[in-house]
Amino acid sequence: MRNSAGALEIGGVDCRDLVARYQSPIYVLDEADARSRARGFRDAYESAGAATVYYAAKAFLATAVAKWVTEAGLGIDVASGGELEVVLRAGVPGDQILMHGNNKSMAEIELALTAGVGRIVVDSFDEIVRLADAAGRLGIVQQVLVRVTVGVEAHTHEFIATAHEDQKFGLSVASGDAAEAVRRIAKLPALAFAGLHSHLGSQIFDAAGFNEAAARVAAFTRSLRDEQGVIVRELNLGGGMGIAYVDGDDPLDVAEMARQICSVVRAECDQAGIETPELAFEPGRAIIGPAGVTIYEVGTVKPIELDDGIVRTYISVDGGMSDNIRTALYGAQYSVVLASRLSAGEPMLSRVVGKHCESGDIVVRDTWLPADVVPGDLLAVAATGAYCRSMSSNYNYLPRPAVIAAHAGNTAVVLRRETTEDLLALDPGA
């Protein structure tokens, strides 16, 4: 909302006060919004018949966020030993954690086993061997899911669609690798087959891809029962629910998406003549993405006349691809507004760019901002809670911004701002 001074407020805190206290650029999370979305997912999928909802930690993780989502009744899925360490430091019990990863190291596997992680998602034949060896040495019987690819490509970007055959994740149903993985697991006393995992991709707006995936998974589930006598007790359909980044983005309501997906899975299982497994889902972006806003300070304003006579104004801010790589990596689109004041200026065609030594360092490729934007103004980029801080870097030796939670007019540090001293601490010659 805008306050009486015309400045943007997040969680009841004026963006100008946030920058004055914590510097710019800065990631801001509306804590109440994030908690509410987590509860909303739990309630929606529970009502629709799902057994478990895990928060996908890769979207954004800190101990505070781990506590928010678990207090809302969610488990957490992690994709590395580092993410697992953070979740454990937050006090999350092992049995509420699920672990992903297409190339888990032996150290990561052993950490997961000793922490009592409830489910480990197996992604390759090599991993079956590693996992069985480590579990056997520790005297543990580990519950596992087999990640399967079913040949369904969701309507999303090539790099984030993950259910088609030509990619690094999972074991193919069509080739027989998935069935062979289940067969091998069944012969290993240190592993217990719990079920299947099938993830379509990210930023998906409707249930259409889930429909076809559910049909193929149901058929595969029946084949496991008929050919191997193996019962699939759990089916995890991953996450991928999209959010609105710009006008025109229209994702399904959470409750409606949950109802449609769970209904389709039950129908496909009935059609296949099998009992519906316990269902699980892994939303990440849809919980934390809309709760996040990045605040930047304008440094330069540079009008450029194009060949067709159109003028595009390049507005440079004090961050860029180090704090939001998604525009450069995926061609992602964002909404941006002048945040520090209201303006009656005419709209001008603008491109918000960063300060890095790269021509592709773009935050918002095409937008309209007031013609009176000047250095020192603050801009707010919406829906940056997911995959911005998580994928951030120190390119050009820029320290990563702080992540601040705003709630009812108060603030708390989720992750402090890095300093140049933090970066130099890694250099023994500094």
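The numbering of the sequence shown is the numbering used here, which starts it at -7 and goes up by one. Heads up, the beta-carbon is just placed ideally off N, CA and C, and yes, glycines get one too. All values derive from a computational prediction rather than experimental measurement.
- Query: Are the stretch 111 to 120 and the stretch 87 to 95 touching, with three or more C-beta to C-beta distances below 8 Å?
  - Reply: They touch, by the three-pair rule.
- Message: Using only the alpha-carbon positions, how far apart do Arg317 and Ser384 sit?
- Response: According to the sequence displayed, residue 317 carries Ile and not Arg. Distance between the alpha carbons of Ile317 and Ser384 is about 7 Å.
- Query: Distance, Cα to Cα, Arg176 vs Asp125?
  - Reply: Looking at the two C-alpha atoms, the distance is approximately 13 Å.
- Going by the beta-carbon positions, is the gap between Val140 and Ala186 smaller than 8 Å? No, Cβ-Cβ distance for Val140 and Ala186 is not below 8 Å.
- Give the DSSP bridge partners of Tyr326, in chain order. In the DSSP assignment, Tyr326 is bridged to no other residue.
- When we look at the beta-carbon of Asp369 and count the other beta-carbons within 10 Å, is it buried (16 or more) or exposed? It counts as buried.
- Task: Could you please give me the residues that DSSP links to His92 through a beta bridge?
- Result: For His92, which the question treats as bridged, DSSP gives no partner whatsoever.
- Message: Using C-beta distances below 7 Å, list every residue in its chain close to Ala211, excluding the 5 sequence neighbours before and after it, in chain order.
- Response: Closer than 7 Å at Cβ, skipping near neighbours: Ala264.
- Using a beta-carbon distance below 8 Å, is Ala30 in contact with chain C? Protein chains in the displayed structure number just one, and chain C is not present.
- Task: Whole angstroms is fine: what's the gap from Ala42's alpha carbon to Val222's?
- Result: One alpha carbon belongs to Ala42, the other to Val222, and they sit about 21 Å apart.
- Item | Bridge partners - Ile2, DSSP secondary structure assignment | Beta-bridge pairing links Ile2 to Val5.
- Just confirm the distance between the C-beta atoms of Glu424 and Ala397, as a whole number of angstroms; I'd bet it's less than 8 Å. For residue 424 there is no data in the structure shown, the boundaries of the chain being -7 and 422.
- Task: Measure from the alpha carbon of Tyr326 to the alpha carbon of each residue in Glu102, Arg343, Glu267, then state which is nearest.
- Result: If we check each option's Cα against that of Tyr326, Arg343 comes out closest.
- Are three or more beta carbon pairs between the stretch 344 to 360 and the stretch 306 to 315 nearer than 8 Å? The stretch 344 to 360 is in contact with the stretch 306 to 315.
- Segment limits, beta strand (DSSP E) that includes Arg139: Annotation: the continuous beta strand (DSSP E) that includes Arg139 extends over 134 to 141.
- Determine the burial state of Ser332: buried for a count of at least 16 other Cβ atoms within 10 Å of its Cβ, exposed for fewer. When all chains shown are included, Ser332 counts as buried.
- Item | Sequence-distant residues of the same chain with beta carbon closer than 7 Å to Gly162, five excluded per side | So the list reads Asp115, Arg139, Val140, Thr141, once near-sequence residues are dropped.
- Task: Would you list, in sequence order, the uninterrupted beta strand (DSSP E) runs of no fewer than 3 residues that lie entirely inside the stretch 220 to 295?
- Result: As far as the stretch 220 to 295 is concerned, its whole beta strand (DSSP E) runs of at least 3 residues are 226 to 228, 270 to 273.
- Message: Restricting to Cα atoms, I'd like to know which of Leu390, Ala400, Ser382, Arg81 is closest to Asp414.
- Response: When only C-alpha atoms are compared, the closest one is Leu390.
- What runs of the beta strand (DSSP E), each 3 residues or longer, lie entirely inside the stretch 315 to 362? If we require 3 residues or more, the beta strand (DSSP E) runs fully inside the stretch 315 to 362 come out as 328 to 330, 339 to 345, 354 to 362.
- Query: Any idea what DSSP makes of Phe197, helix, strand or coil?
  - Reply: Residue state, collapsed to three classes: coil.
- Output the distance between the C-alpha atoms of Leu298 and Ala247, rounded to the nearest integer angstrom. Distance between the alpha carbons of Leu298 and Ala247 is about 46 Å.
- Expressed to the nearest angstrom, what Euclidean distance is found between the alpha-carbon atoms of Arg225 and Arg277? A direct Cα-to-Cα measurement between Arg225 and Arg277 gives close to 27 Å.
- Item | Endpoints, beta strand (DSSP E) assigned at Asp299 | Asp299 -> no beta strand (DSSP E), and no H or E assigned at all.
- Throw me the rounded Cβ distance for the Ala58 and Val84 pair, which I believe falls under 8 Å. Right, the Cβ-Cβ distance comes to about 6 Å (below 8 Å), so this counts as a contact.
- Message: For a test of the three-state rule: what should DSSP assign to Ala423, helix, strand or coil?
- Response: Outside the displayed range of the chain (-7 to 422) lies residue 423, so it cannot be described from this structure.
- Who are the near neighbours of Thr412 in its chain, counting only those whose CB is closer than 8 Å to its CB and skipping five residues on each side? The residues are Tyr389, Pro391.
- Message: Tell me the DSSP secondary structure of Ser164 in three-state form.
- Response: DSSP places Ser164 in strand when its eight states are reduced to three.
- If Leu423 sits next to Val303, beta carbons under 8 Å apart, how far is it from one beta carbon to the other, in whole angstroms? A query on residue 423 cannot be resolved here, the shown segment of the chain reaching from -7 to 422 and no further.
- Item | Any 3 or more C-beta pairs closer than 8 Å across the stretch 66 to 75 and the stretch 46 to 58 | Yes: at least three Cβ pairs fall under 8 Å.
- Query: Going by DSSP, which residues form a beta bridge with Leu66?
  - Reply: In DSSP, Leu66 forms no bridge with anything.
- Item | Helix, strand or coil at Gly131 according to DSSP, with G and I counted as helix | If DSSP states are grouped into helix, strand and coil, Gly131 belongs with coil.
- Are the beta-carbon atoms belonging to Ala394 and Gly281 less than 8 Å from one another? Taking 8 Å as the Cβ cut-off, Ala394 and Gly281 do not qualify as a contacting pair.
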